[in-house]
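In the numbering used here, the protein residues as written are 314 to 1154. The C-beta atom is built at its ideal place from N, Cα and C for all residues, glycine as well. Predicted, not measured: the structure shown is a model, and the values here were computed from it. Structure first, then comments.
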Amino acid sequence: MAEHRYDPSEIEPRWQEVWARERTWEVSNDGAADGRAGRSRAGGHASSSYVLEMLPYPSGEPHIGHLKCYAVGDAIAHFRRRLGSRVLHPMGYDAFGLPAENHAIKTGVHPRESTAASIASFQRQFRSWGISIDWSREIATHEPSYYRWTQWIFLELFRAGLAYRKEAAVKWCPKDQTVLANEQVDAEGHCERCGALVEVRQLEQWFLRITDYAERLLNDLDAIEWPEHVKTMQRNWIGRSEGAEVTFRCEEIGVDYPVFTTRPDTLFGATFFVMAPEHPDVMRLAAGTAAEQDVRDYVNHALNETNEERGNAERPKTGVSLGRTVTNPVNGEQIPMYVADYVLMEYGTGAIMAVPGHDERDHAFALAFGLPIRRVIAPREDGSATQSGEQDEGLPYSGDGVLVNSHADFDGMGNREALSAIVAWLDREGKGHSSINYRLRDWLVSRQRYWGAPIPIVYCESCGMVPVPDDQLPVELPDVDDYTPKGRSPLAAAEDWVNTDCPACGASARRETDTMDTFVDSSWYFLRYCDAGNDRAAWDPGVLREWMPVDQYIGGVEHAILHLMYARFFTKALADLGHLDFQEPFEALFTQGMVTKDGSKMSKSKGNVVSPAAIVERVGADTARCYILFVGPPDQDADWSDDGVEGIHRFLGRLWRLAAETAERAGSPVAELTAGAASAGDDLALLRKTHWTIDKVSGDLRRFAFNTAIAAVMELLNECSRLRESVGLDTLRFALGNAASLLFPFAPHVCADIYDRLTGERVWEQPWPEAEEALLESEVYELVCQVNGKVRDRVQAGADAGPEALKELCRAAPNVRAHVDGREIVKEIVVPGKLVNLVVR
RNA sequence: GCCCGGGUGGCGGAAUCGGCAUACGCAAUCGACUUAAAAUCGAUGGCCCGAGAGGGCAUGUGGGUUCGAAUCCCACCCCGGGCACCA
């Protein structure tokens, strides 16, 4: 017998060749015209399924996280195909972005060139991994044929009033020399990209009106199949608060100051009023008072603080009196005004009513400044706590209770009831109204950088902001000599490009020189895949109906807020503009865990980076893919272990060798995989194990339990090895053929090879195997016999034995008798198919 | 501080609806093959007592519910993630 050696370096390229030559994974937008990949099992029009992994940013080489993401996505894509779906499984590149530009600054190499090199390396590796991609739909966001439509979408939003320019206090990254969106600054105030401490600057920038969609972005989370923690993160980020807007008037200067509060029921407890240092009226209020200089100093100091210092709730409260008062609208009290940095300009109205009796922060401030603290809510069980003693131990109290010290109309009322009553009163008096506030801010999308899609706007002396007409798109990114950011976009230096004619009046005008945040590019790419070649429109709505929304989206949790929120916003806005007829882009989401090495995140500085290319070179793509799925549940973090990789490699080798040997023993391949009529003995046992495996793997794939699916195939192989000499060749061929068929979604090359050797057929064209119900159950099983809940024996029981017979079997078991003898059986619990438990005394 | 995950052999993990804890893999030990090693194949395998049959103890800790708990409930400890002066 010829020597059989498992050689992935020979097997893998050979099958990749077949799939590339035959364009196996391409699907058309017209179901009837499809090739084999889209063929329905029944021969009719198959259901469509869109399986998508998050768009990769091509930088250098793909890393192990990409391998995991695509191993998961590809397994799902293959599984769905073989269940009879036409599967759209495309690939592209998020090709605009800072790393390529920073590289250009250092080396002078045009970002287009370094990006092209990275893309080529990604393509090469994705092919070497054997991922089943429809390459005919490949896109890259930096190509004019793509960003032409990014610009078109921007203009659609602009024309609808959803893109606007505004001056605001914005986050500025001093290292990247550009503004950032709120979402791109982390909790400590660092730039999400480069880690530099972010500054605040007053600048005019482009925003997208995502806040208009806050309510829908929140509510529609209920209807999609996403991991609960991702939904929670989005809910927290949107941060909806119900409350009221209440107007406090400063009589001295005759100006009304509205505040937002979630607790209008505590209005009678407001004893002072606080404004954010950035509030535009702060200096105006202080002007001419004794406090003016103090206020100026305080504001200057506060504005120079970093987010990190400012955001620390632990540090002592600071602030300065403005020397003015406002009127509390519910009782006419004059309460003093302060400026303090614990009040944020970006939230609510930039000013608050302070209720030290019932808010921790206001309480801390009142203590520091010797301001009155008044209880206006008493816990229900303690109605006597109405005394206005010098200090009230129970404050601040933020729970529910009964109103006290407020007004005869409300005292004694439950605070929730009082809340509505007070808001209704304010409304009648014209002093306030109920209101909802969101933490979410509008999305700042302009960037003062080169390597992005130009914002297609022209500034004209007489016409103002003019959108570039659709037929003049794309506004192509010009070449520049100097990419160094200088606080304005490098594009500003491209004079020939900047100077243009006004599309409206023809007079000379200037182009917008900022480019778009790269998250704009990736907020709609999943739509483009559906109709990637369309040069007349971004997509044909009819084609979208075939594929969208994405049935299964796969990616890392790090995008839980940024990308996933932006893409949802784009979908809703484009739907409102009549371009889409669905509301959510991603029906189901799966977030894969990180791959670590020695327990920590892989990084160049730690020198613990595992290169997928090196692994594939050493053991092959099938081993790498299987290993990454076998280490543990894919949604959890997994630690890379070279020993573990060897284990999988051995497993695939054993499978391949036994199959190759069996195929050789069997002579020429036989197309039909039949097990023969095994009715007893080892043949039946192996047949049963095969059907058990089919059932197990099918179920596990449905619930993303790839690790246990692979373990089940290992069990089947172990059984094959054990019984290889004692079963018929047909039975062995049947078991091994099914093992290959079931493992194909994880290890496509070796499984295609095995299946070909055994049957001469292509495994990817075979329907997913179905387990025979009758073979899943055996006619005898091992009955567990317990006494007082402890396992004392096991006996053979017939599948059809009734409860009484089972009890009898249990009582008769030798070791059970030893534990029961001389004691009284008080209860007998029977779980048919499983166990009998005798309770004795 | 608040909100999510998670804690099971030497290690990664399994146990899908409250019913055999430790599947599968790694590492380890022993054996076969070999001049030898690698590769491969076979066997052993939670801890403690016992020659064995068998028994006792084990799923972060302490309680509870139940005939029966890794799984449900209460309290606590530890690890990871998210949010955090958002009025």
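{"Query": "Looking at C-beta atoms only, is the number of pairs between the stretch 716 to 732 and the stretch 568 to 582 that lie closer than 8 Å three or more?", "Result": "yes"}
{"Query": "Roughly how many angstroms lie between the CA atoms of L1088 and P1061, to the nearest whole one?", "Result": "27 Å"}
{"Query": "For A491, which residues of its own chain have a beta-carbon under 6 Å away from its beta-carbon, when the five flanking residues on both sides are left out?", "Result": "Reading off the sequence shown, one finds Thr at residue 491, where the question assumed Ala. So the list reads R760, Q761, R762, once near-sequence residues are dropped."}
{"Query": "Beta-carbon separation of C1123 and V1139 under 9 Å?", "Result": "no"}
{"Query": "According to DSSP, simplified to helix, strand and coil, what is C486?", "Result": "strand"}
{"Query": "Just grab the DSSP bridge partners of K914 for me.", "Result": "T909"}
{"Query": "I want to know whether the stretch 423 to 443 touches the stretch 814 to 830 - three or more CB-CB distances under 8 Å.", "Result": "no"}
{"Query": "Within its chain, find whatever has a CB closer than 6 Å to the CB of A1048; leave out the 5 residues flanking it on each side and keep chain order.", "Result": "L999, T1003, C1033"}
{"Query": "Classify G846: buried if its beta carbon has 16 or more other beta carbons within 10 angstroms, exposed otherwise.", "Result": "exposed"}
{"Query": "Can you give the beta carbon distance from F832 to L890, rounded, assuming they're within the 8 Å contact cut?", "Result": "Incorrect: roughly 19 Å between the Cβ atoms, too far for contact."}
{"Query": "Ignoring anything shorter than 4 residues or poking outside the stretch 631 to 701, list the alpha helix (DSSP H) runs there in chain order.", "Result": "673 to 682"}
{"Query": "Answer with buried or exposed for S1091, where buried requires no fewer than 16 other C-beta atoms within 10 angstroms of its C-beta.", "Result": "exposed"}
{"Query": "Quick one: measure Cβ to Cβ for L475 and R522, integer angstroms, because I've assumed they're closer than 8 Å.", "Result": "5 Å"}
{"Query": "Would you kindly check if the distance between the Cβ of M861 and the Cβ of F883 is under 9 Å?", "Result": "no"}
{"Query": "Okay, do the stretch 439 to 453 and the stretch 482 to 497 touch, 3+ Cβ pairs below 8 Å being the bar?", "Result": "no"}
{"Query": "According to the neighbour-count rule (16 or more other Cβ atoms, all chains shown, within 10 Å of its Cβ), is T904 buried or exposed?", "Result": "buried"}
{"Query": "Is the stretch 1015 to 1022 touching the stretch 954 to 961 in the sense that three or more CB pairs, one from each, lie closer than 8 Å?", "Result": "no"}
{"Query": "Only counting the same chain, and skipping five residues up and downstream in sequence, which positions put a Cβ closer than 7 Å to that of P769?", "Result": "Q464, F467, L468, P780, V781, L786, V788"}
{"Query": "In whole angstroms, give me the CA-to-CA distance for E1083 and E1074.", "Result": "18 Å"}
{"Query": "So, for A259: in the same chain, excluding its five sequence neighbours on each side, which residues have a beta-carbon less than 8 Å away from its beta-carbon?", "Result": "Given a span of 314 to 1154 for the chain in the structure shown, any question on residue 259 remains unanswerable."}
{"Query": "The alpha helix (DSSP H) that contains Q436, what's its start and end?", "Result": "424 to 441"}
{"Query": "Which one of G707, R741, A888 has the shortest CA to CA distance from A473?", "Result": "A888"}
{"Query": "Please return the same chain residues whose Cβ sits closer than 6 Å to the Cβ of L893, not counting the five positions on each side in sequence.", "Result": "L887"}
{"Query": "With DSSP collapsed to three states, give me the class of E1028.", "Result": "helix"}
{"Query": "Do the CB positions of W764 and L790 come within less than 9 Å of each other?", "Result": "yes"}
{"Query": "Report the option in K885, G912, S398, K1009 whose CA atom is closest to the CA atom of N1051.", "Result": "K1009"}
{"Query": "What distance in whole Å lies between the Cβ atoms of V595 and V608, which are believed to be in contact at a cut-off of 8 Å?", "Result": "7 Å"}
{"Query": "Only counting the same chain, and skipping five residues up and downstream in sequence, which positions put a Cβ closer than 8 Å to that of E742?", "Result": "P642"}
{"Query": "Which of the three DSSP states, helix, strand or coil, is assigned to I523?", "Result": "helix"}
{"Query": "Just grab the DSSP bridge partners of H1210 for me.", "Result": "Nothing can be reported for residue 1210: it is not among the residues displayed for the chain, which extend from 314 to 1154."}
{"Query": "Can you tell me whether F1142 is buried or exposed? The criterion is at least 16 other CB atoms within 10 Å of its CB, across all chains shown.", "Result": "According to the sequence shown, residue 1142 is Ile rather than Phe. That one is exposed."}
{"Query": "Find the nearest neighbour of V656 within the set Q647, T640, V612, D499, judged by alpha-carbon distance.", "Result": "V612"}
{"Query": "So what's G356 in DSSP terms, helix, strand or just coil?", "Result": "Low per-residue confidence applies at G356: pLDDT is 48, beneath 50, and the placement is therefore not dependable, though the value from the model is reported in the following sentence. If DSSP states are grouped into helix, strand and coil, G356 belongs with coil."}
{"Query": "Is S372 helix, strand or coil by DSSP?", "Result": "coil"}
{"Query": "Using DSSP with H/G/I as helix, E/B as strand and the rest coil, what is M878?", "Result": "helix"}
{"Query": "Between F409 and the rest of its own chain, which residues show a CB-CB distance below 7 Å, the 5 nearest in sequence each way excluded?", "Result": "T454, H455, W764, G765, A766, T831, D834"}
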